[in-house]
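See below for the structure under consideration.
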Amino acid sequence: MSVTIRPERAGDQSAIRNLVSAAFAGTPHSDGSEPDIVDALRADGDLAISLVAQEGLDIVGHAAFSPVSIADGSAGWYGLGPVAVAPERQRRGIGAALIERGIAMLHERGAAGCVVLGDPAYYNRFGFAHDPALAYPGPPPEYFQRLVIGGGAPRGIVTYAPAFG
Ligand SMILES: CC(C)(COP(=O)(O)OP(=O)(O)OC[C@H]1O[C@@H](n2cnc3c(N)ncnc32)[C@H](O)[C@@H]1OP(=O)(O)O)[C@@H](O)C(=O)NCCC(=O)NCCS
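Letter by letter, the sequence shown follows residues 1 to 165 of the UniProt record's numbering.
Here is the structure:
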């Protein structure tokens with residue numbers, strides 16, 4: 001069955017929540033907060049891009065993009081995440097399709113760039129790279145990566161939307 005990538009629409013919310021919960025269950029880097037983060041981003045008006053992967057009637061993937069702020073005042077930057085694919089549907093390119101569509105939408109809306117916190121082995125295929133000038137305190141620095149879309153490379157500490165806590 002083919003997979004369609006499309007924006008979230010009314011009525012998807014509980015399926016997205018279940019999917020995100022299932023995808024992160026048991027992953028070592030998760031504290032189980034990801035479904036709440038997606039819901040809080042939506043409630044706060046910070047779910048700038050919310051894409052689902054639909055297979056038949058099932059939602060099997062989701063990617064969220066939300067605005068971030070950067071200490072140097074750079075505007076138009078977003079954060080990618082959480083990204084989730086149903087455990088039984090992983091490694092079939094669904095995550096990549098969601099991320100690529102989201103990056104294309106960021107280009108369309110004239111975004112300056114996007115950051116992501118995650119495994120460089122996965123995200124560098126989309127053009128994300130670590131820049132020591134851009135910091136997210138806490139995790140190992142190389143896990144924080146950025147993709148410049150338009151304009152220059154920003155500097156300083158990055159702050160995610162309040163939903164991330
Ligand atoms: C990360 C995730 C979204 C990727 O989705 P996916 O549909 O399985 O990914 P794709 O099919 O597009 O890509 C698969 C490729 O990515 C690699 N990959 C998948 N997850 C990876 C990870 N966490 N770290 C490194 N590589 C990873 C696979 O090895 C595979 O590479 P290969 O094709 O060279 O073998 C999915 O594995 C998932 O939901 N994981 C649990 C939640 C999570 O950790 N999300 C990311 C943090 S926000």
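Using N, Cα and C, we set each Cβ at its ideal position, and we do this for glycine too.
Could you tell me the boundaries of the alpha helix (DSSP H) in which residue i lies?
i      : result
Arg42  : Glu34 to Asp44
Ala104 : Ile94 to Glu108
Arg146 : Counting along the chain, Arg146 falls outside any alpha helix (DSSP H), though it belongs to the beta strand (DSSP E) covering Phe144 to Val148.
Locate the beta strand (DSSP E) running through residue i, then write down its first and last residues.
i     : result
Gln54 : Ile49 to Glu55
His62 : Asp58 to Pro67
Arg6  : Val3 to Pro7
Tyr78 : Trp77 to Val85
CB residue i to CB residue j, shorter than 8 angstroms?
i      : j      : result
Gly156 : Leu134 : yes
Tyr78  : Ala111 : yes
Val38  : Ala64  : yes
Tyr122 : Val158 : no
Ala161 : Asp46  : yes
Ile94  : Val3   : yes
Gly56  : Leu98  : no
Gln54  : Arg6   : yes
In chain order, what residues of the same chain have a beta carbon less than 8 angstroms from the beta carbon of residue i, not counting five sequence neighbours either side?
i      : result
Leu147 : Ile103, Gly113, Cys114, Val115, Val116, Phe126, Gly127, Phe128 and Ala129
Pro67  : Asp46, Ala48, Trp77, Tyr78, Gly79 and Ala161
To which residues of the same chain is residue i closer than 7 angstroms at the C-beta, ignoring the five residues directly before and after it?
i      : result
Asp12  : Val52 and Ile59
Ser74  : Ala112 and Pro154
Met105 : Ile49
State buried or exposed for residue i, treating a residue as buried only when at least 16 other CB atoms are found within 10 Å of its CB.
i     : result
Pro35 : buried
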